[in-house]
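Q:
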Amino acid sequence: MKQHFELDKAYNPAKYEAKLYQQWEESGAFKPNPDATKEPFTIIMPPLNANGDMHAGHGMYVVEDITARYRRMQGHATLWLPGTDHAAIETQVVYERLLAMQGQSRFDLGREEFSRQVLEFTHKNSPNIISQFKSAGYSADWSRLKFTLDPDIVEIVYATFKQMHADGHIYRGNRIVNWCTNCRSSFADIEVKFVEREDALYTLDYGPVRIATTRPETIFADAAVAVNPKDDVNGELVGETALIPLIDRPIPIIADEHVDLHFGTGALKVTPAHDKNDYEIGLRHRLPEISIIDLDGRMINVPEEYAGLTVAEARQAVLAALDQTGKLLETKPLTHSVGYHDRCGTVIEPLITEQWYLRMAELNAPVIKAFETNQITVYPARFKKIAIDWLNNEHDWNISRQNWFGIRMPIFYKESNDPNKDPYLITADEAEAKAYYGEGNYRAETDVFDTWFSSGQWAYATLMATGDFDRGFFPTSAMMSGRDILTKWITRMTMFSLYRTRQVPFKDVYLWGLVNDAHGKKMSKSKGNVLNPLEVTAKYGTDALRLALTIGITPGNDGSLSEPKIEGYRNFCNKLWNVARFILGQLPEAYSPATPELHSPTDRWIMAKLATTITEVTRALEDYRFGDAGQTLYSLLWDDFADWYVEASKISPNHDLLIYGLETILKLLHPIAPFVTEAIWSELPWQSSQLIITSWPSANKGRTNGTEFEAVRQTVLAARALAAEEQLSKPAILTTDKTLFASAELIQRLARAGEVRLVKQGSGLYLGGEAWIEAGDELIKARQHRLQQQRAEKTGYLKSLQAKLANERFVASAPAAVVQETRDRQAETEALLERIEAQLQSLR
RNA sequence: GGGCAAUUAGCUCAGUUGGUUAGAGCGCUUGAUUCACAUUCAAGAGGUCACAGGUUCGAGUCCUGUAUUGCCCACCA
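For the first sequence, the numbering used here assigns the number 2 to the initial residue and increments by one for each residue that follows.
1. Can you tell me where the beta strand (DSSP E) with Ile245 in it begins and where it stops?
2. Checking the sheet assignment: what are the DSSP bridge partners for Cys181?
3. Is Trp687 helix, strand or coil when you go by DSSP?
4. Which whole-angstrom value describes the C-beta separation of Ser456 and Thr149, a residue pair presumed to lie in contact below a C-beta threshold of 8 Å?
5. Alpha carbon to alpha carbon, what distance is there between Gly174 and Trp357?
6. Buried or exposed: which applies to Phe642, given that a residue is buried once 16 or more other Cβ atoms fall within 10 Å of its Cβ?
7. Look at the Cβ atom of Asn517, then the Cβ atom of Met524, and state whether they are nearer than 8 Å.
8. Please list, in chain order, all residues of the same chain as Gln785 whose beta carbon is under 8 Å from its beta carbon, the five residues on each side excluded.
9. Ignore the nearest five residues each way along the sequence and tell me which others in Asp232's own chain have a CB closer than 7 Å to its CB.
10. Tell me, please, which residues DSSP counts as bridged to Asp485.
11. Could you work out which residue in Asp86, His170, Gly84 is closest to Arg501 when comparing CA atoms only?
12. In this structure, how does DSSP classify Lys761 when only helix, strand and coil are distinguished?
13. Is DSSP giving Leu535 helix, strand or coil here?
14. Going by the DSSP bridge assignment, what does Thr477 pair with across the sheet?
15. Pull up the DSSP beta-bridge partners for Trp513, would you.
16. For Glu40, does the three-state DSSP call read helix, strand or coil?
17. Unbroken alpha helix (DSSP H) runs of length 4 or more, entirely within the region 61 to 141: which are they?
18. If I follow the unbroken alpha helix (DSSP H) through Ser843, where does it start and stop?
19. Tell me the rounded alpha-carbon separation between Lys3 and Trp578.
20. Three or more beta-carbon pairs under 8 Å between the region 286 to 298 and the region 344 to 353, yes or no?
21. Have a look at Gly763 and Arg73 and give me their C-alpha separation to the nearest angstrom.
22. Where does Met165 fall in DSSP's three states?
23. Report all residues from its chain with a CB closer than 6 Å to the CB of Val757; omit the five preceding and five following residues, and keep chain order.
24. Could you pull the start and end residues of the beta strand (DSSP E) that Ser338 belongs to?
25. Taking the alpha carbon of Asn179 as the point to measure from, which residue in Val348, Trp687, Ala609 has its own alpha carbon closest?
26. At the level of alpha carbons, what is the spacing between Asn365 and Asn393?
27. Going by the CB atoms, is the gap between Ile245 and Val228 shorter than 8 Å?
28. Go through its chain and collect everything with a Cβ distance to Ile847's Cβ below 6 Å, but skip five positions before and after it.
29. Report all residues from its chain with a CB closer than 8 Å to the CB of Thr215; omit the five preceding and five following residues, and keep chain order.
30. Since Lys270 is in the beta strand (DSSP E), which residue starts that stretch and which ends it?
31. Return the chain-ordered list of same chain residues with a C-beta closer than 6 Å to the C-beta of Ala274, the five sequence neighbours on each side being excluded.
32. If we call anything under 8 Å between Cβ atoms a contact, is Val95 one with Asn129?
33. Would you check if the region 40 to 57 and the region 85 to 93 touch, i.e. whether three or more CB-CB distances between them fall below 8 Å?
34. One question on the structure: do Ile837 and Trp25 come within less than 8 Å of each other, judged by their Cβ atoms?
35. Candidates Met300, Asp509, Tyr461, Asp544: which alpha carbon is nearest Thr378's?
36. Expressed to the nearest angstrom, what Euclidean distance is found between the alpha-carbon atoms of Pro14 and Leu806?
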């Protein structure tokens, strides 16, 4: 006998995944279809760290793939545009660690050579994460891959900078910044991570006043002592002069609201050049800004014995001297937060440097409006408020960095004394600078842009670079990312886009949360609870991971991932595989499918289920409720299609409908589980094209009534339960209902009954509806307590229904449908109680 | 200090505008079968929906407060 379908006994992902992905990509399926009938649908992928590895969090990109695949099947010209990120300081830190292992630092190489090497390193690494993303099945158009340092991207970034400068949005300022002495660069507040630390709070003698500080080494930079004007004790000292110990420099005692009456001594030493709040106080009181820490974190402008010491060394030395001179009055422990650079872990040193700033208030105004007026819809909606709050409070943005790896700012500075020349020139073209200033009279800026300044332009820069911007792919349809970059990226992309294109960059924003471990705890290397996506997909298949990250995870909330969970979805994929294997094995030789006809109650039932599912899944995907879509399909395949329809079909198979059901499920499930669905599809001999490009099913044809089979199902369920409880083998089922009896063979098989008989009057153990299980008095008596239990339960329920209906206010104010439903349930329960009562009577 | 989440079965989580007797997966118990699938099938146990008030005919769902956990922002001399 010839086996015309030869599917493996179990689904073997490894056999198909790489091959299918290659087929998809080579066939051009990931490119926007030029013949698409619907308008373009665009998703820009948040750029991947070119030097990174795929981690569990990247698994959440699956929602972008689901959306892209769904829109593609819907007939939209779909573009999912991928990109890689040079990840500026992050990469620089990584590379410097590599250099350090060879006993080198970036200073040994120099700026040019170092940047060249890091770029080379990045180009060498980037294929790694791309291939990992491909193995996840992500259907991005890799032919359009953009890199954040691509010349065409940089050109666009430069143009924006120049235009913003011309429009007066950019200025240069000498202000206090977050300085990393290790990276030798300034950083934004957002890049500073505060960590609680145990330190000491020292009380120092400042002459007439005592101050408390954690940073005694900065006393040389003090410009004043501040007290709260409401301070009864210290307040009287305002106007007097305090004396800095060790150097005996007199400084004024001033009043400022910022000072906390109850902290320390109630008096604050004000160090404008090395503390953010002190800087603000300094501005309010026009205090001098005395810098005593240089860009390397060493002491300058201090007495000789401290000069050149590191901050930590200076602290100890100053403390010793203070102690010796009796100026150190008290030392007590203090837990407070200290800012660290989030990339390299060095303590942030606030100090004053010259940087470039972007004036945010004006630029953000249209962004706030765009969110407020729902030009951008945020999923979930609560993040809209967070974005608006952030935008309302954003300070001017320091966009210059002193890292070496990044996009150099296109500025040249005047090096001559020519009063007719501007102090700087904005251009990327050195020839222009030379022409303007003359040979030798200018110097190039060495600062680079904050990486968010360039990646903030990603949404349009990528599309402009690929030429898709003018082909209708902008504004993009959806921006989907982790919620952690809502403020630093999504709001800024919106700002840049509104500035440069006068359009919002995307219509929808979808945010996902963290992927946590099996117990909802954050994954971290130190906890050892990290799940490597590449390892688990090798073990269980990519679709299993995708399903695990789709079902049971809700927008914006953290989800948990564990191997047992993934294993469960591996089983689901295998279930689908075996359903297909079984159906295909049933088909006659040279079968080709025709439009299915509905022959039986079972056919009508599954048809109705399929129609409902198509509607529900479509609606869920439209609303970005991926979990609901997945859950619905999981249940349809396993609980309805496999457990009932396929089982029922073993009596008399309706091949066309089995195939229609299978194909419909494959289509609906394809966006979430692309591999197993395409693998099965590829085994269907009558299908010549790929599943990825078939059209999304429509529910129009399936409006049928499934109630007839539903009665069969209820009977079977009741019979199984009873048989299991009483350990009945092949019981006889009796029915008075001819319609039900028409499905006798089916009931017999599904309920594993010995026989199904049509009777005039029911007897035995009641199953509900018009069905009984034949039973002798002994068994019935044995179940008497169960009946009584059931009677009590149902009586209670009936009472609650009756009470509800007796309540005039319920009947008056509840919707008619709800009232009617309650009435129906009351009638049903009454009927059921009658049966139970009758059965109990018969036992007397 | 300000804000946002979460709190539902042993575990991890759903629960769409308030409306059946609150669901799923895993785990557990019992049973089955080797005929698509033991990565299987069937049955079952298991929840006063964190707590206290309130609104409503009706609350897991809305309001107020409390507690616990997590996250974000600001501050911390």
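We put the CB at the ideal spot given by N, CA and C, even for glycine.
A: Considering the structure as presented:
1. From DSSP, the beta strand (DSSP E) with Ile245 extends over 242 to 245.
2. Looking at the DSSP assignment, Cys181 forms a beta bridge with Ser186, Ile349.
3. Trp687: coil per DSSP, three-state reduction.
4. 6 Å
5. 6 Å
6. buried
7. yes
8. Here the set comprises Leu841, Leu844.
9. So the qualifying residues of the chain are Leu262, Gly267.
10. DSSP lists no partner for Asp485.
11. His170
12. Note: Lys761 maps to coil in three-state DSSP.
13. helix
14. Phe507
15. Gly483
16. strand
17. 63 to 75, 89 to 102, 107 to 110, 112 to 136
18. Segment 817 to 843, the alpha helix (DSSP H) holding Ser843.
19. Interpretation of Lys3 is limited by its pLDDT of 36, a score under 50 that renders its predicted location unreliable; the figure taken from the coordinates is listed afterwards. If you take the alpha carbons of Lys3 and Trp578, they lie about 21 Å apart.
20. yes
21. 56 Å
22. Shown here, Met165 sits in a helix according to DSSP, grouped into three states.
23. Ile734, Ala745, Ile748, Gln749
24. 329 to 342
25. Val348
26. 8 Å
27. no
28. Here the chain covers residues 2 to 845 and nothing more, so residue 847 does not appear.
29. Asp200, Ala201, Leu202, Tyr203, Leu335, His337
30. 268 to 271
31. Ala222, Glu290, Ile291, Ser292, Ile353
32. The Cβ atoms of Val95 and Asn129 lie no closer than 8 Å to each other.
33. yes
34. no
35. Asp509
36. The alpha-carbon separation between Pro14 and Leu806 amounts to approximately 56 Å.
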